[in-house]
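Q:
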Amino acid sequence: MKKLFAAVNILIVVLILSIPVYAGVPMATVDATVNRVLDVLRDPKLKTPAAKEIKKEKLRVIYKDMFDEMEFSRRTLTRNWNKFSPDQRVEFVNLFEKVLERTYIDKILDYSNEKIVFYKETMLAENQAEIQSKVITSSKEIPIFYRMILKDSKWKVYDVVVENVSLVQNYRTQFNDILNKNTPEQLLEILRKKVKEH
Numbered sequence: 371m372k373k374l375f376a377a378v379n380i381l382i383v384v385l386i387l388s389i390p391v392y393a394g395v396p397m398a399t400v401d402a403t404v405n406r407v408l409d410v411l412r413d414p415k416l417k418t419p420a421a422k423e424i425k426k427e428k429l430r431v432i433y434k435d436m437f438d439e440m441e442f443s444r445r446t447l448t449r450n451w452n453k454f455s456p457d458q459r460v461e462f463v464n465l466f467e468k469v470l471e472r473t474y475i476d477k478i479l480d481y482s483n484e485k486i487v488f489y490k491e492t493m494l495a496e497n498q499a500e501i502q503s504k505v506i507t508s509s510k511e512i513p514i515f516y517r518m519i520l521k522d523s524k525w526k527v528y529d530v531v532v533e534n535v536s537l538v539q540n541y542r543t544q545f546n547d548i549l550n551k552n553t554p555e556q557l558l559e560i561l562r563k564k565v566k567e568h
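Under the working numbering, the first residue of the sequence shown carries the number 371, and numbering increases by one thereafter.
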């Protein structure tokens, strides 16, 4: 009986010690990555207009480390993903990344020392989590949720929800509308033109 009691105690201790380590990894990962972004944005050496491209390149490196681009793209296309050839998929992922950068980079570069708070982590599945954060400005709080997936022992972001609007859902609707009337190649051509416009 004593041995059983001791074994249960050890099991409870292991579980208690394991939970914070496991549950804390997704939030710690995204928190650390966002802080890397903030370090770039706050760097006084990168404040000049001439340093804008250097700043963008540093942010690109962090983005690639933070996002699972393949997962992000696949979830955006959903059932249409299977209509793309392997080469088309690779091109779509690259073009989509460029479209996102051109859409959001100026907003990111406009950051002016707002406070960012990470406050909740929810495990959606064994390998998926949602991290809730908010950007606190002088006039309001903007909720930003990061949805993450665990692949190859690393947590990466596959969707961002800003003020209850999912990036994946937003682009999924747009791409579905296009692909209902057009081929994957035609969607790629639309994205190529969009990238060239900027």
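Glycine included, every Cβ here is placed at the ideal spot set by N, Cα and C.
First and last residue of the alpha helix (DSSP H) that includes Glu491?
A: Looking at the DSSP string, Glu491 is not in any alpha helix (DSSP H); the run it does join, the beta strand (DSSP E), is Lys485 to Ala495.
Q: Looking at chain B, is there any beta carbon in it that lies within less than 8 Å of the beta carbon of Leu549?
A: Checking the listed chains, one finds no chain B in this structure; it contains a single protein chain.
Q: If you drop the 5 nearest sequence neighbours on each side, which residues of the same chain put their C-beta closer than 8 Å to that of Ile315?
A: Nothing in the structure corresponds to residue 315, since the chain is present only between 371 and 568.
Q: Taking its Cβ as the centre, do 16 or more other Cβ atoms sit within 10 Å of Glu567, making it buried, or is it exposed?
A: Under this definition Glu567 is an exposed residue.
Q: Under 8 Å: do the segment 548-559 and the segment 443-458 share three or more Cβ pairs, one atom per stretch?
A: Yes, they touch.
Q: Output the distance between the C-alpha atoms of Thr418 and Leu494, rounded to the nearest integer angstrom.
A: Taking the straight line joining both Cα atoms gives about 42 Å.
Q: Of the choices Thr553, Glu491, Thr403 and Phe488, whose alpha-carbon is the least far from that of Val431?
A: Nearest of Thr553, Glu491, Thr403 and Phe488 to Val431, Cα basis: Thr403.
Q: Over what stretch of residues does the beta strand (DSSP E) that includes Ser503 continue unbroken?
A: That run of the beta strand (DSSP E) goes Gln498 to Ile506.
Q: Assign Val487 to buried or exposed, taking buried as 16 or more other Cβ atoms, counted over all protein chains shown, within 10 Å of its Cβ.
A: With fewer than 16 other Cβ atoms within 10 Å, it is exposed.
Q: Can you tell me whether Arg542 is helix, strand or coil according to DSSP?
A: Helix.
Q: Rounded to whole angstroms, what is the Cα-Cα separation between Asn405 and Lys453?
A: Near 38 Å, if we compare the C-alpha coordinates of Lys453 and Asn405.
Q: Classify Phe466 as helix, strand or coil using the three-state DSSP reduction.
A: Correct three-state label for Phe466: helix.
Q: Could you check what DSSP says for Ser623 in three-state terms: helix, strand or coil?
A: There is simply no residue 623 to check, as the chain begins at 371 and stops at 568 in what is shown.
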